[in-house]
Amino acid sequence: MNRLFFQPHQAGLSKVEAAEQTLRNINPDVQFEIHNLNITTMDNFQHFMDRIRKGGLEEGKPVDLILSCVDNFEARMAINTACNELATVWMESGVSENAVSGHIQLLIPGETACFACAPPLVVAANVDEKTLKREGVCAASLPTTMGIVAGLLVQNVLKYLLGFGSVSYYLGYNAMQDFFPTMTMKPNPSCDDRSCRFRQDEYKQKEVTRPKQQLVEETEEIVHENNDWGIELVSEISEEELKAATGPMPDLPEGITVAYTLPDKEADTDTTGKTVQETEESLEELMATMKRL
């Protein structure tokens with residue numbers, strides 16, 4: 007966020023303060039509510055849960071969607087825990103440490119894999135990610151990669167909220183090869199998050215009670231049977247030629263037909279045609295006769 011929101015005159019402001027100030031200048035009609043806190047602590051996590059539960063546009067109503075733009079796994083796990091407990095849909099996004107790849111992901115509790123179902127190796131191995139960063143060394147930063155991932159995230163949000171197009175469950179971005187992998191991850195029945203397992207059972211029960219859609223076979227309509235130009239499709243073979251090329255139909259069991267029949271060889275033999283008379287001339291003499299014609 008510091009690459010996309012911070013401006014020189016905002017030095018000293020927190021990320022949320024700078025973000026609100028920049029966005030308010032872009033669109034003053036948007037309502038903002040900022041909280042500058044660490045959601046991974048117990049007290050702040052409860053406050054975070056309360057705002058998800060009651061912080062919708064209508065006071066007292068839950069929020070419709072959460073967008074995760076944090077820069078560490080601990081905060082992502084906190085968001086994941088809150089959304090699983092409250093059954094809140096959220097979208098996760100991130101850019102790699104080398105700044106040349108990123109991803110966005112839609113997480114629906116119970117229906118898709120949560121962040122704990124298939125955690126990154128750092129989280130699965132229970133490694134303190136603070137030990138992975140060298141002191142005084144900042145991770146690589148490319149505002150172009152961050153801008154692309156942010157654009158993909160917002161586009162996915164619009165499709166989800168407004169109900170158009172195809173919403174991506176997971177969309178990656180590789181800047182080195184301009185590669186955009188997509189996939190859908192199912193929830194893990196053995197997920198470490200108890201709320202995730204509960205939402206999975208809840209979703210399965212909901213799917214069982216949902217009425218199944220009956221498939222209706224649609225008949226193809228005849229196109230241009232009658233037209234204003236008098237165009238007709240005419241077979242290149244006459245009925246007489248078709249009959250002549252058709253042989254007798256074999257006796258087959260009910261329900262079995264043949265694709266075609268062979269004509270009768272004897273009926274097809276022409277015995278009334280002219281025949282060539284035999285001659286005692288040699289081949290060379292016959293060829294000489296042909297040349298003189």
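7 is the number of the first residue of the sequence shown in the numbering used here; add one for each residue after it.
The beta carbon of each residue, even a glycine, is placed where N, CA and C say it ideally should be.
In this text, all values refer to a predicted model and were calculated from it rather than measured experimentally.
Which residues DSSP lists as bridging Tyr166, in chain order: The sequence position of residue 166 within the sequence shown is 160, counting from 1. Its beta-bridge partners do not exist; DSSP assigns none.
C-alpha distance - Asp207 paired with Ala93, whole-angstrom precision: Looking up residue 207 in the sequence shown gives position 201. Looking up residue 93 in the sequence shown gives position 87. So the two alpha carbons sit approximately 13 Å from each other.
If you compare alpha carbons, which of Ala88, Cys120, Leu73 is closest to Met97? By one-based count along the sequence shown, residue 97 stands at place 91. Scanning Ala88, Cys120, Leu73 for the CA closest to the CA of Met97 turns up Leu73.
Quick check on Tyr175: buried or exposed, where buried means 16 or more other Cβ atoms within 10 Å of its Cβ? Position 169 of the sequence shown, counted from the first residue, corresponds to residue 175. Using a 10 angstroms sphere on the CB of Tyr175, the tally of other CB atoms reaches 16 or more, which defines it as buried.
Length-filtered (3 minimum) beta strand (DSSP E) runs lying within the region 29-88: Counting whole runs of 3 or more residues, the region 29-88 contains the beta strand (DSSP E) stretches 72-74.
Counting pairs of Cβ atoms below 8 Å between the region 18-34 and the region 54-67, do you hit three or more? No, they do not touch.
Please state whether the Cβ-Cβ distance between Gly157 and Lys165 is less than 9 Å. Position 151 of the sequence shown, counted from the first residue, corresponds to residue 157. Position 159 of the sequence shown, counted from the first residue, corresponds to residue 165. Cβ atoms of Gly157 and Lys165: not closer than 9 Å.
Report the residue from Thr150, Thr118, Asp234, Glu287 whose alpha carbon sits nearest the alpha carbon of Asn180. Taking the first residue of the sequence shown as position 1, residue 180 is located at position 174. For the options Thr150, Thr118, Asp234, Glu287, the alpha carbon positioned closest to that of Asn180 is the one of Thr150.
Which two residues bound the contiguous alpha helix (DSSP H) that contains Met296? The count along the sequence shown starts at 1 and reaches residue 296 at position 290. Taken as a continuous stretch (DSSP letters only), the alpha helix (DSSP H) holding Met296 covers 289-298.
My output table needs one value for Thr150: the three-state DSSP class, helix, strand or coil. Within the sequence shown, residue 150 is the residue found at index 144, counting from 1. Three-state result, Thr150: helix.
Evaluate the contact criterion for the region 197-211 versus the region 119-126: three or more CB pairs, one atom per stretch, below 8 Å. Contact annotation: the region 197-211 touches the region 119-126, with at least three C-beta pairs closer than 8 Å.
Beta-bridge pairing of Met97 - partner residues as DSSP gives them: Counting from 1 along the sequence shown, the entry for residue 97 is found at position 91. Note: Met97 sits in a beta bridge opposite Leu73, Leu112.
Could you check the C-alpha separation between Arg205 and Leu167 for me, to the nearest Å? By 1-based counting over the sequence shown, the position of residue 205 is 199. By 1-based counting over the sequence shown, the position of residue 167 is 161. Looking at the backbone, the Cα of Arg205 and that of Leu167 are separated by about 22 Å.
Closer than 8 Å by C-beta to Ala190: which residues in its own chain qualify, once you throw out the five before and the five after it? Chain order, please. Walking along the sequence shown from the start, residue 190 turns up at place 184. For the record, residue 190 in the displayed sequence is Thr; it is not Ala. Taking Thr190 as the centre and dropping the five residues before and after it, the same chain places the C-beta of Thr118, Tyr175, Tyr176 closer than 8 Å to its C-beta, in chain order.
Residues near Asn44 by beta carbon distance below 7 Å, same chain, minus five either side: Locating residue 44 in the sequence shown gives position 38, counting from the first residue. The residues Asn50, in chain order, have a CB closer than 7 Å to that of Asn44 in the same chain once the five nearest residues on each side in sequence are set aside.
Buried versus exposed call for Ile262 [16 or more other C-beta atoms within 10 Å across all chains shown]: Taking the first residue of the sequence shown as position 1, residue 262 is located at position 256. A residue is called buried once 16 or more other Cβ atoms fall within 10 Å of its Cβ, and Ile262, having fewer, is exposed.
Based on the DSSP secondary-structure assignment, which residues constitute the bridge partners of Phe185? Your numbering for residue 185 matches position 179 in the sequence shown. DSSP output for Phe185 lists Asn180 as bridge partner(s).
For Gln183, which option in Ile154, Leu159, Ser107, Leu19 has the closest C-alpha, if you only look at C-alpha atoms? Walking along the sequence shown from the start, residue 183 turns up at place 177. Restricting attention to Ile154, Leu159, Ser107, Leu19, the CA atom closest to the CA of Gln183 is found in Ser107.
Just to confirm the assignment, what range does the alpha helix (DSSP H) spanning Ser244 have? Within the sequence shown, residue 244 is the residue found at index 238, counting from 1. First-last for Ser244: undefined, no H or E at that position.
Should Gln27 and Gln16 be called a contact, given that it needs their Cβ atoms to be closer than 9 Å? The residue given as residue 27 occupies position 21 in the sequence shown. The residue given as residue 16 occupies position 10 in the sequence shown. Contact flag set, yes.
So if DSSP puts Ser201 in a beta bridge, which residue, or which two residues, is it bridged to? Translated into the one-based positions of the sequence shown, residue 201 becomes position 195. None; Ser201 has no bridge partner.
So Thr46 packs on Ala84, CB below 8 Å; how close in whole Å? On the sequence shown, position 40 is the one that residue 46 refers to. On the sequence shown, position 78 is the one that residue 84 refers to. About 5 Å separates the Cβ atoms of Thr46 and Ala84, confirming a contact at the 8 Å cut-off.
Measuring alpha carbon to alpha carbon, tell me which of Pro256, Glu284, Glu39 ends up nearest Glu65. Position 59 of the sequence shown, counting from 1, holds the residue named residue 65. Among Pro256, Glu284, Glu39, the Cα nearest to that of Glu65 belongs to Glu39.
Can you round the beta-carbon distance between Ala105 and Leu159 to whole angstroms, since I take them to be within the 8 Å contact cut? Working through the sequence shown from its first residue, we reach residue 105 at position 99. Working through the sequence shown from its first residue, we reach residue 159 at position 153. Here Ala105 is actually not in contact with Leu159; their C-beta atoms are around 16 Å apart, not less than 8 Å.
Tell me whether His109 is buried or exposed, calling it buried when 16 or more other Cβ atoms sit within 10 Å of its Cβ. If you number the sequence shown from 1, residue 109 lands on position 103. By the 10 Å Cβ count, His109 comes out buried.
Cα-Cα, which of Leu71, Met255, Asn194 is closest to Tyr266? Position 260 of the sequence shown, counting from 1, holds the residue named residue 266. When only C-alpha atoms are compared, the closest one is Met255.
Have a look at Asp234, Cys75, Leu268 and flag the residue whose alpha-carbon is nearest the alpha-carbon of Lys249. By one-based count along the sequence shown, residue 249 stands at place 243. Checked all of Asp234, Cys75, Leu268; the closest Cα to Lys249 is Leu268.
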